[in-house]
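Peer 1: Protein chains in written order, with my numbering: chain A, 1 to 315; chain W, 1 to 89.
I am attaching a structure below and will ask some questions about it afterwards.
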């Protein structure tokens, strides 16, 4: 059985918003409705979803903590689907936000290029960081001591968190039940595959009993998930076209999820200015408009989009 | 593999029905989904199927000016006591 300790709640979301891990830092751990009788309880949240869903993210957190206090919000990495709710949560709860040390200066300067929002055309409301975590650090949350590990590959600055006492890993986009996130560094000429392989080896060595991923359900069969992730990595290595093609498809699907419907011509125009897609097109040696149309058609063929004339709809 | 989440990325709660406009789950069902057993997830999926029918009827009643605040929705859906109108949409 996938039993979480009583002090931890795993809030599964979708592909536009990442999952949240919510932990009660007070002992004994209490959740709604008992939480309201024992104020002030303190809670820690990991990651906050995409900005479009920020109202629901706040409702979900409040659903569990009642009048308790969200004291800390910790981000695994700063892609828009992991920290888009940061600003609203900080404003509504007064929580202190902790980001990866490697991203701290970018947050302080609110460098939209370095933070990837300019390059992806995604939106993230500005927030302030109270502090930072780096590989080798530890923190207490949910009655457990969490180790901070580097998890480059999907994002060079990403962190993952491991609680050895319970064997629980918060894996962000480094390992899902079926795969892992796009290797973004590879698109812009940096290395990501070797790093991803090292992260999979690290996870194997940590030997978690339960993984709480950034997207999709939590899972216990880590050996099987590592096997699938390694097969996927091998396939990416054998076919260099695959990572950039997947990246374009993932970003198109993200835009469909965000906007629900797109005017195809206008979408292609706006996407032509996003540096990540342009970088993928350059790697593939094809014009970006053609690749975007192909991605839309591919999504339609697997039932992940519907095309009607000039419009594309999310399915 | 686990039972797939019913979430379709709409993620807006309807103030009247107290259900998500997209997946027709309550806030408690969304908040608890990630920690549910497979059996509990199946029960939520069943409840969603009932609500889909009731939701169609609710929409028809709102259009017809007979909206009752959603009070009849849950009990009728669970009892399976659905009028023929319910399946129109």
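The C-beta atom is built at its ideal place from N, Cα and C for all residues, glycine as well.
#1: Cα separation between residue 78 of chain W and residue 50 of chain W?
#2: Could you have a look at residue 94 of chain W and say whether DSSP puts it in helix, strand or coil?
#3: Between residue 93 of chain A and residue 72 of chain A, which are expected to be in contact by the criterion C-beta below 8 Å, what is the C-beta distance as a whole number of angstroms?
#4: In chain order, what residues of the same chain have a beta carbon less than 6 Å from the beta carbon of residue 107 of chain A, not counting five sequence neighbours either side?
#5: Listed in chain order, which residues of the stretch 47-73 of chain A have Cβ atoms closer than 7 Å to some Cβ of chain W?
#6: Can you check the stretch 45-106 of chain A for any alpha helix (DSSP H) of at least 4 residues that lies completely inside it and give the ranges in chain order?
#7: Would DSSP call residue 186 of chain A helix, strand or coil?
#8: With DSSP as the reference, label residue 14 of chain A as helix, strand or coil.
#9: Once you ignore the five residues that flank residue 287 of chain A on each side, which residues in its own chain have a CB closer than 8 Å to its CB?
#10: For a contact defined as C-beta to C-beta under 9 Å, what are the partners of residue 47 of chain W on chain A?
#11: Using DSSP bridges, identify the partner residues of residue 308 of chain A.
#12: Go ahead and pull the three-state DSSP assignment for residue 193 of chain A.
#13: On the criterion of 16 or more Cβ atoms from any shown chain inside 10 Å, does residue 80 of chain A qualify as buried, or is it exposed?
#14: Secondary structure at residue 8 of chain A, three-state DSSP: helix, strand or coil?
#15: In chain A, what lies closer than 9 Å to residue 13 of chain W by C-beta?
#16: Between residue 19 of chain A and chain W, is there a C-beta pair that is closer than 8 Å?
#17: Buried or exposed for residue 25 of chain W, please, with buried defined as at least 16 other CB atoms from any protein chain shown within 10 angstroms of its CB.
#18: Between A/236, A/12, A/209, which has its C-alpha nearest residue 224 of chain A's C-alpha?
#19: Quick one, which of A/231, A/166, A/217, A/212 has its alpha-carbon nearest residue 196 of chain A's?
#20: Rounded to whole angstroms, how far is the Cβ of residue 40 of chain A from the Cβ of residue 68 of chain A, which I believe are closer than 8 Å?
#21: Hey, does residue 309 of chain A have any beta-carbon neighbour from chain W nearer than 8 Å?
#22: Only counting runs of 3 or more residues, tell me where the beta strand (DSSP E) segments fall wholly within the stretch 217-266 of chain A, in order along the chain.
#23: With DSSP as the reference, identify every bridge partner of residue 179 of chain A, one or two as the case may be.
#24: Taking the beta strand (DSSP E) that residue 41 of chain A falls in, what are its first and last residues?
#25: Look at the alpha carbon of residue 194 of chain A and the alpha carbon of residue 55 of chain W, and state the distance between them as a whole number of angstroms.
#26: Taking its Cβ as the centre, do 16 or more other Cβ atoms sit within 10 Å of residue 20 of chain W, making it buried, or is it exposed?
#27: Considering just the uninterrupted stretch of the alpha helix (DSSP H) at residue 299 of chain A, what are its terminal residues?
#28: Would you say residue 9 of chain W reaches chain A, if we count a Cβ-Cβ gap shorter than 8 Å as a contact?
#29: To the nearest angstrom, report how far apart residue 33 of chain W and residue 8 of chain A are at their CA atoms.
#30: Using the DSSP secondary-structure output, state which residues sit across from residue 132 of chain A in a beta bridge.
#31: Tell me whether residue 50 of chain W sits in a helix, a strand or coil according to DSSP, three-state version.
#32: How about residue 14 of chain A: is its C-beta nearer than 8 Å to some C-beta of chain W?
#33: What's the call for residue 24 of chain A, buried or exposed, on a 16-neighbour Cβ count within 10 Å?
#34: Taking Cβ-Cβ distances below 7 Å as the criterion, which residues of the stretch 104-117 of chain A are in contact with chain W?
#35: Near residue 138 of chain A, which residues of its chain fall below 8 Å by C-beta distance, leaving aside the five closest residues on each side in sequence?
#36: Does DSSP classify residue 36 of chain A as helix, strand or coil?
Peer 2: Checking against the coordinates, here is how it stands:
#1: In the second chain, residue 78 of chain W corresponds to position 78, counting from 1. In the second chain, residue 50 of chain W corresponds to position 50, counting from 1. Per-residue confidence for residue 78 of chain W stands at a pLDDT of 37, beneath the threshold of 50, marking its modelled position as unreliable; no derived number is given.
#2: Outside the modelled stretch of chain W, which goes from 1 to 89, sits residue 94 of chain W, for which no answer is possible.
#3: The sequence position of residue 93 of chain A within the first chain is 93, counting from 1. The sequence position of residue 72 of chain A within the first chain is 72, counting from 1. Between residue 72 of chain A and residue 93 of chain A the Cβ distance is about 10 Å, and since that is not below 8 Å, they are no contact.
#4: In the first chain, the residue the question calls residue 107 of chain A occupies position 107. Cβ within range, chain order: 99, 129.
#5: 53, 56, 59, 60, 63, 64
#6: 54-65, 80-83, 86-93
#7: Position 186 of the first chain, counted from the first residue, corresponds to residue 186 of chain A. Correct three-state label for residue 186 of chain A: helix.
#8: Along the first chain, read from residue 1 onward, the residue named residue 14 of chain A stands at position 14. It is coil, neither helix nor strand.
#9: What you label residue 287 of chain A is simply residue 287 of the first chain in a count that begins at 1. These residues qualify, in order along the chain: 281.
#10: Within the second chain, the letter at position 47 stands for residue 47 of chain W. The contacting residues do not exist; residue 47 of chain W stays about 17 Å from chain A at best.
#11: Within the first chain, the letter at position 308 stands for residue 308 of chain A. According to DSSP, which records beta bridges pairwise, residue 308 of chain A is partnered with A/311.
#12: For this step, residue 193 of chain A is matched to residue 193 along the first chain. Looking at residue 193 of chain A - three-state DSSP - the assignment turns out to be helix.
#13: For the purposes of this step, residue 80 of chain A is identified with residue 80 of the first chain, where counting begins at 1. Buried, because 16 or more other Cβ atoms sit within 10 Å of the Cβ of residue 80 of chain A.
#14: Position 8 of the first chain, counted from the start, is the residue given in the question as residue 8 of chain A. Strand, per DSSP.
#15: Within the second chain, the letter at position 13 stands for residue 13 of chain W. Under the 9 Å cutoff, chain A gives 55, 56, 59.
#16: If you number the first chain from 1, residue 19 of chain A lands on position 19. It does; some Cβ of chain W falls within 8 Å.
#17: Here residue 25 of chain W refers to the residue found at position 25 when the second chain is read from its first residue. So residue 25 of chain W ends up on the buried side.
#18: Position 224 of the first chain, counted from the start, is the residue given in the question as residue 224 of chain A. Nearest of A/236, A/12, A/209 to residue 224 of chain A, Cα basis: A/209.
#19: Within the first chain, the letter at position 196 stands for residue 196 of chain A. For the residues A/231, A/166, A/217, A/212, the minimum Cα distance to residue 196 of chain A belongs to A/231.
#20: To locate residue 40 of chain A, count along the first chain from 1; it is residue 40. To locate residue 68 of chain A, count along the first chain from 1; it is residue 68. 7 Å between Cβ atoms; contact.
#21: In the first chain, the residue the question calls residue 309 of chain A occupies position 309. It does not: the Cβ of residue 309 of chain A has no partner Cβ on chain W nearer than 8 Å.
#22: 261-263
#23: Here residue 179 of chain A corresponds to residue number 179 of the first chain, with the count starting at 1. Per DSSP, A/176.
#24: Counting from 1 along the first chain, the entry for residue 41 of chain A is found at position 41. No beta strand (DSSP E) holds residue 41 of chain A; DSSP gives it neither H nor E.
#25: As a working mapping, residue 194 of chain A is identified with position 194 in the first chain. As a working mapping, residue 55 of chain W is identified with position 55 in the second chain. Cα-Cα distance, rounded: 50 Å.
#26: Mapped onto the second chain, residue 20 of chain W falls at position 20. With 16 or more Cβ atoms within 10 Å of its Cβ, residue 20 of chain W is classed as buried.
#27: To locate residue 299 of chain A, count along the first chain from 1; it is residue 299. First-last of the alpha helix (DSSP H) with residue 299 of chain A: 288-301.
#28: Residue numbering aside, residue 9 of chain W sits at position 9 when the second chain is read from its first letter. Judged by the 8 Å Cβ criterion, residue 9 of chain W is in contact with chain A.
#29: Start at 1 with the first residue of the second chain, and residue 33 of chain W comes out as number 33. Start at 1 with the first residue of the first chain, and residue 8 of chain A comes out as number 8. Looking at the two C-alpha atoms, the distance is approximately 13 Å.
#30: Start at 1 with the first residue of the first chain, and residue 132 of chain A comes out as number 132. DSSP, once it has assigned bridges, lists A/99 as partnering residue 132 of chain A.
#31: Taking the first residue of the second chain as position 1, residue 50 of chain W is located at position 50. Residue 50 of chain W falls in the helix class under three-state DSSP.
#32: Counted from its first residue, the first chain places residue 14 of chain A at position 14. Yes, contact with chain W.
#33: The residue you call residue 24 of chain A lines up with position 24 of the first chain. Per the 10 Å Cβ criterion, buried.
#34: none
#35: Your numbering for residue 138 of chain A matches position 138 in the first chain. Closer than 8 Å at Cβ, skipping near neighbours: 145, 146, 147, 148.
#36: Position 36 of the first chain, counting from 1, holds the residue named residue 36 of chain A. Note: residue 36 of chain A maps to helix in three-state DSSP.
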